[in-house]
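Shown next, in C-alpha cells, is the structure this report addresses.
In our numbering, the protein residues as written are 97 to 783.
Take a look at the structure:
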C-alpha cells in the first residue's frame with residue numbers, strides 16, 4: 097500500500113446517519129483484569145467495555161478430568177458464573193465456599209490465618225491467579241466428599257513448612273481432596289509445605305494434574321488412602337525437582353496415566369530423592385515419555401500393581417526401575433499426543449507453572465494435546481528453521497500442530513500455505529523478545545527471478561492457512577529505509593495474514609511502513625483476526641487490510657520516520673461493503689513521537705475500488721498526545737467521511753470531544769460494536 101497520490105482517483109459521496117450495526121455481543125474483555133507483561137502494562141481495570149467472560153474462562157480440562165462420568169461431563173469450573181477478583185483471605189473464602197459457580201481471580205498475595213488453613217472449596221469453581229501475582233502463603237485448598245467441577249490454575253501455593261522435614265503433626269497441604277471428582281490442577285507452582293503438595297485421597301477421581309512446578313518438599317504428591325480401586329487420574333507435563341518422596345505415590349488407582357513429566361534430582365542440592373513414580377496396591381499405571389534425571393529408584397511397583405512403560409528416558413538414575421503387568425490404553429478414554437522425553441527440560445522450564453497472562457497458560461496446556469515440532473538454531477530441536485518445521489506439517493492436517501521455537505533470532509522468510517491449517521508458532525523463551533523471526537524485504541526489493549516483491553510479497557511471515565495462532569515471539573521487518581532511498585517502494589510488511597480465525601496472542605509485530613497486513617483470501621471471503629495482549633509497532637498505515645480484525649488489550653507503539661520526523665497513520669482499512677473492518681479496543685496508543693503528529697486512520701480503497709467501505713473503530717483506548725485532534729484523514733482521493741470511522745469512550749491526552757471532524761458512537765451504536773460483534777460467533781481459544 098502506498099502513501100497518498102496527488103492524482104485523485106474515483107471518489108464517491110454518500111450520506112450516512114448511523115454506522116453499521118453488528119451482530120449481538122458474543123465476547124468482550126473481562127473488566128476485572130490488568131495484564132502485566134515483560135514489556136509493560138496492557139489495559140487498565142475499570143476501563144474495559146464489559147465484564148463478560150473472557151475466552152480462557154471457558155477452558156476445559158484434558159485427560160481423565162475431561163471424561164463424562166458420575167453425572168459430570170468434563171471439568172470447566174466456574175464457567176458461566178460471575179467473575180470476581182479477590183485480594184484477601186475473607187474474599188477468597190466467601191466465593192470459594194459459595195454454592196453458586198464463580199470464576200475467582202486471585203490478584204495478589206494472600207497470607208492464610210491461621211497458618212495451615214485449607215479453604216473448603218465447593219463445586220463449580222475456577223480459582224486462578226492473575227498473571228504471576230496470585231500467591232497463597234501458609235495454607236491451601238480442601239475439596240471434600242462430592243465436590244466436583246473445580247479448576248485450580250495459575251497460582252503459587254507455598255510456605256506452610258513448620259521446620260520439620262518429615263512432618264507427621266501438621267497436615268498442611270497445598271491442595272487436598274477427599275472424595276472429590278472432576279478436578280483440574282493446572283500451571284501452578286506448589287512448594288515448601290508442611291505435608292503434601294497434592295493429596296488425592298479417598299476415592300477422588302477424574303483428576304488431571306498438568307503443567308505444574310512441584311518443588312522443595314518432602315512428600316510431593318500422594319494418591320490413594322483407600323481400599324477401593326477407583327481413582328482415574330492423568331498426570332502430564334509437570335516438573336518435579338528437589339522433592340524426596342511421593343513423586344507421585346499412586347495407591348489403588350484404577351487408571352493412572354503419567355506422561356511427559358520431568359523428575360529432576362539436581363546435583364549439589366540438599367534434598368535427595370528416595371524414589372520417583374511408585375505404583376502401589378492394585379494400581380494400573382501407564383508411564384510414557386517421561387524424563388528421570390539423577391533420581392534414585394525412578395520407577396518402582398508393588399507385586400500386585402502394574403506399570404507399563406513406553407518411551408521414558410533415564411539419565412544418571414540408580415536403583416529400582418521396574419515395570420510389569422498389564423494396564424490399559426489411555427486413548428480409549430481421551431485423545432492425547434506425546435512430546436519427546438529429551439525435549440522436556442526446555443519445554444517445561446519455559447512452560448510449567450504460572451504464566452504472565454492467562455492466555456499463555458491456555459496455550460501451554462492445549463499444546464500438550466497437539467503434535468509438537470521443535471525448532472532450534474543450535475540443532476537441539478527437530479529443525480533448525482521455522483520454515484523447515486512448517487514444511488514438515490502434512491498437507492490438510494486435521495488437527496493442531498504446534499511449532500515450538502527456541503530462543504534466538506531466525507533471519508528467514510516463513511510462509512504457512514492455505515493447505516496447512518491449525519498451525520501454532522510459539523516461542524519457548526521466558527519473554528516474547530527472546531524469539532524473533534526477522535527479514536528485510538520491501539515492496540521495491542528486486543526478486544531473484546526478476547520484478548519486485550510488492551507490498552504483500554514483502555512479508556517476513558505470511559499466513560494463508562485458517563485457524564493459525566502465534567504467541568510469545570517477535571515478528572519483524574527490519575528493512576532500512578534510510579539506506580535504500582533510491583528504492584521505489586518502502587512498504588515492508590512484518591506479518592501478513594490472509595485467512596480466517598487467526599489468533600495472535602502475546603506477540604510483538606515490528607516494522608515501519610505497513611507492519612501488519614490483515615487481509616483475506618479474497619474479497620468475498622471472511623477473514624477474522626484477533627490480536628490480544630500484543631505490541632504492534634510502526635509509523636505509516638501499519639495496521640491495514642480488508643480483514644475483520646480486532647486489536648484488543650494491546651499496545652500500539654508509534655515510531656518516528658527514517659529521517660527522524662514524526663508523522664504517520666495507524667490504520668488503513670480496505671473493508672468490503674457490509675463487512676466489519678478494524679476494531680481497536682481496550683488498548684493503549686503511545687510512542688516517542690511528537691504531539692499531534694499521528695492520525696488514527698484513513699480509508700484505503702485498494703486499486704481505486706469505490707465499492708469498498710473501509711471501517712476503523714477505536715474504543716475504550718488510552719490515546720497519547722501523539723494523536724491528532726482531527727484523527728481521521730483522506731487517502732488517494734477518497735474522503736474518510738464517506739466511510740466508517742469513529743471513536744467511543746477513549747481517554748488520555750489524545751482523546752477529544754465529538755465533532756463533525758471527530759465522530760463518536762452513541763451508546764446504542766457502541767453496544768453493537770463490541771469485540772464479539774467483530775468475531776461473529778468465533779471465540780478465540782489458545783491451543
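We put the CB at the ideal spot given by N, CA and C, even for glycine.
- Taking C-beta atoms as the reference points, residue 771 and residue 702 fail to come closer than 7 Å.
- In this structure, DSSP gives residue 378 a state outside helix and strand, which the three-state scheme calls coil.
- Using a Cβ distance threshold of 7 Å, residue 696 and residue 774 do not count as a contacting pair.
- A direct Cα-Cα distance of roughly 41 Å separates residue 618 from residue 440.
- Between residue 744 and residue 760, the C-beta spacing is below 7 Å.
- DSSP places residue 603 outside any beta strand (DSSP E), giving it a letter other than H or E.
- Annotation for residue 302: no alpha helix (DSSP H) segment contains it, though the beta strand (DSSP E) segment containing it runs 301 to 306.
- When only Cα atoms are considered, residue 205 and residue 309 end up about 18 Å apart.
- Bounds of the alpha helix (DSSP H) holding residue 191 are 185 to 192.
- Residue 476 counts as exposed, since fewer than 16 other beta carbons sit within 10 angstroms of its beta carbon.
- Counting the other CB atoms within 10 Å of its CB gives residue 687 a total of 16 or more, which places it among the buried residues.
- Leaving aside the five residues that flank residue 586 on each side, the residues in its chain whose CB is nearer than 6 Å to its CB run, in chain order, 538, 577, 609.
- In the three-state reduction of the DSSP assignment, residue 774 falls in the helix class.
- Here the alpha carbons of residue 235 and residue 257 stand approximately 10 Å from one another.
- Taking a contact as a CB-CB distance under 8 Å, the pair residue 231 and residue 278 does not count as one, their CB atoms being some 26 Å apart.
- Taking C-alpha positions only, residue 227 is separated from residue 421 by approximately 43 Å.
- A distance below 7 Å between beta-carbons, with the five flanking residues on each side excluded, links residue 195 to the following residues of its chain, in chain order: 218.
- With fewer than 16 other Cβ atoms inside 10 Å of its own Cβ, residue 753 counts as exposed.
- Excluding sequence positions up to five before and after residue 722, its CB lies within less than 8 Å of the CB of 654, 662, 685, 686, 687, 689, 690, 691, 692, 693, 694, 750, all in the same chain and listed in chain order.
- The Cβ atoms of residue 567 and residue 601 sit closer than 7 Å to each other.
- Contact between residue 616 and residue 633 is ruled out by a C-beta separation of about 24 Å, above the 8 Å threshold.
- Taking all protein chains in view, the Cβ of residue 342 is crowded by 16 or more other Cβ atoms within 10 Å, so the residue is classified as buried.
- For residue 696, the enclosing beta strand (DSSP E) starts and ends at 694 to 697.
- Counting along the chain, residue 763 sits inside the alpha helix (DSSP H) bounded by residues 763 to 766.
- Just so you know, the alpha carbons of residue 563 and residue 515 end up roughly 11 Å apart.
- For residue 487, the uninterrupted alpha helix (DSSP H) segment begins and ends at 482 to 488.
- Look at residue 160 here: in three-state DSSP terms it is helix.
- By the beta-carbon neighbour count (other beta carbons within 10 angstroms, threshold 16), residue 295 is buried.
- Contiguous beta strand (DSSP E) elements confined to the region 543 to 570 occur at 557 to 559, 565 to 567, taking only those with 3 or more residues.
- Here DSSP, grouped into helix, strand and coil, assigns residue 439 to helix.
- Out of 607, 202, 704, the CA that lies nearest to the CA of residue 450 is found in 202.
- Take the alpha-carbon of residue 603 and the one of residue 667: they are about 19 Å apart.
- Taking each of 200, 237, 431 in turn and checking the Cα distance to residue 212, the smallest one comes out for 237.
- Excluding five sequence positions before and after residue 591, the CB atoms of its chain that fall closer than 6 Å to its own CB belong to 557, 571, 605, 612, given in chain order.
- Note on residue 659: under 16 other CB atoms within 10 angstroms of its CB, so exposed under the neighbour-count rule.
- Judged by beta-carbon spacing, residue 280 lies within the 7 Å limit of residue 304, meaning their Cβ atoms are closer than that value.
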